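If you read the protein sequences in the order shown, they are chains A and B.
Quick note on numbering: this note's numbering labels position 16 of the first sequence as 16, and the sequence is numbered without any gaps.
Quick note on numbering: this note's numbering labels position 92 of the second sequence as 212, and the sequence is numbered without any gaps.
Note that the Cβ used here is the ideal one computed from N, Cα and C, for glycine as well.
These figures come from a predicted structure and were not determined experimentally.
Working notes for the structure below.
Protein chains: 2
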Amino acid sequence: MPDSSDVERCGFLFVHQDTVRQVTEQMPEDEKLYDLAELFKVFGDSTRIKILYALFEAELCVCDIAQLLGLTQSAVSHQLRVLKSGRLVKPRKEGKTVFYSLADDHVRTLIAQGMEHIEE
Amino acid sequence: MPDSSDVERCGFLFVHQDTVRQVTEQMPEDEKLYDLAELFKVFGDSTRIKILYALFEAELCVCDIAQLLGLTQSAVSHQLRVLKSGRLVKPRKEGKTVFYSLADDHVRTLIAQGMEHIEE
DNA sequence: ATAACATATGAACAATCAATCATATGTTTG
DNA sequence: CAAACATATGATTGATTGTTCATATGTTAT
Numbered sequence: 001m002p003d004s005s006d007v008e009r010c011g012f013l014f015v016h017q018d019t020v021r022q023v024t025e026q027m028p029e030d031e032k033l034y035d036l037a038e039l040f041k042v043f044g045d046s047t048r049i050k051i052l053y054a055l056f057e058a059e060l061c062v063c064d065i066a067q068l069l070g071l072t073q074s075a076v077s078h079q080l081r082v083l084k085s086g087r088l089v090k091p092r093k094e095g096k097t098v099f100y101s102l103a104d105d106h107v108r109t110l111i112a113q114g115m116e117h118i119e120e
Numbered sequence: 121m122p123d124s125s126d127v128e129r130c131g132f133l134f135v136h137q138d139t140v141r142q143v144t145e146q147m148p149e150d151e152k153l154y155d156l157a158e159l160f161k162v163f164g165d166s167t168r169i170k171i172l173y174a175l176f177e178a179e180l181c182v183c184d185i186a187q188l189l190g191l192t193q194s195a196v197s198h199q200l201r202v203l204k205s206g207r208l209v210k211p212r213k214e215g216k217t218v219f220y221s222l223a224d225d226h227v228r229t230l231i232a233q234g235m236e237h238i239e240e
């Protein structure tokens, strides 16, 4: 990370000074941007995407998901933990088994938007 | 990865057999799911998110972005390459300098949706 | 042509991460 | 209580990734 005494300068920054100030003002806080990146990181793995897609259709238990996707129970459980901590899925306990479902509709919307981008 | 001869079975798969079949049918092809995960992976880094946010307001050159975000020219260039290969930004060359802008509106929509999820 | 500049690229390294294996927790059934 | 079952967790490991440093490519100006 370069420190302020050693900042590079191209000719355009000062030409676009107004724009640059505007950009700086509109930029959300660092923490928010970090959280946003963390959210997308959760979507950024094909196993987790598959799990989410599976939950598009139905509430499923860990073991069902594992069979459905040809994965280990452990792998699925680990990934469900990531999805849960990102508030993308929510558990419902029923005796021994835990059923997972999508936490809210943002998950659907985000994935749909992503698909649109892929397919265009 | 477990092979088919050694599949775990919980009591629920067969209870939910119809649902499981339906889920399997609705599931997109593996390659598409992989690509989708790749797309989200591009959003899944705070530096890239910051770059995208900067480009929300204006077309900017590499050097401007570097200064704006307090990053190395090299780091920005590397990340712009990732963003470009994900078709999230597009370059416009003008002499020595290269200006980058958002490739399309999906970028805005996706980030907006993500922010909604974060802020709720 | 040569110097200055803007950007891109390649190699190297530290950090992060997903899958695996082994095991722990907690629930139901006999 | 003990055995069987469903899920969760912790440690390890191979792979991926973001940054840095050095350098290359390509453009403009003297």
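Asked, Found
"Helix or strand or just coil, what does DSSP make of L203 (chain B)?", "helix"
"Do you know how far the Cα of L159 (chain B) is from the Cα of C130 (chain B)?", "34 angstroms"
"In angstroms, rounded to a whole number, what distance separates the CA positions of V227 (chain B) and L80 (chain A)?", "27 angstroms"
"Excluding five sequence neighbours on each side, which residues of the same chain lie with their C-beta closer than 8 angstroms to the C-beta of R92 (chain A)?", "E59, V98, F99, Y100 and S101"
"Identify which residue in A:V62, A:A54 and A:T72 has its Cα closest to the Cα of K96 (chain A).", "A:V62"
"Mind checking if D6 (chain A) is an interface residue toward chain B, Cβ cutoff 8 angstroms exclusive?", "Summary for D6 (chain A): the model assigns pLDDT 39, below 50, so the residue's position carries little reliability; its value from the coordinates is reported in the next sentence. Answer no: the Cβ-Cβ gap between D6 (chain A) and chain B never drops below 8 angstroms."
"How close, in whole Å, do the beta carbons of V143 (chain B) and L110 (chain A) come, if the pair is a contact with beta carbons under 8 angstroms?", "That belief does not hold up - the Cβ atoms of V143 (chain B) and L110 (chain A) are roughly 19 angstroms apart, past 8 angstroms."
"Counting only the same chain and skipping the five closest in sequence on each side, list residues whose C-beta sits under 7 angstroms from that of E236 (chain B).", "none"
"Would I169 (chain B) pass as an interface residue toward chain A - the criterion being a Cβ-Cβ separation below 8 angstroms?", "yes"
"Less than 8 angstroms between CB atoms is the rule here; does Y100 (chain A) satisfy it with respect to chain B?", "no"
"Under 8 angstroms between beta-carbons, which chain B residues line up against L68 (chain A)? List them in chain order, please.", "V140, V143 and T144"
"Do the stretch 71-89 of chain A and the stretch 167-174 of chain B touch if we need at least three Cβ pairs shorter than 8 angstroms?", "no"
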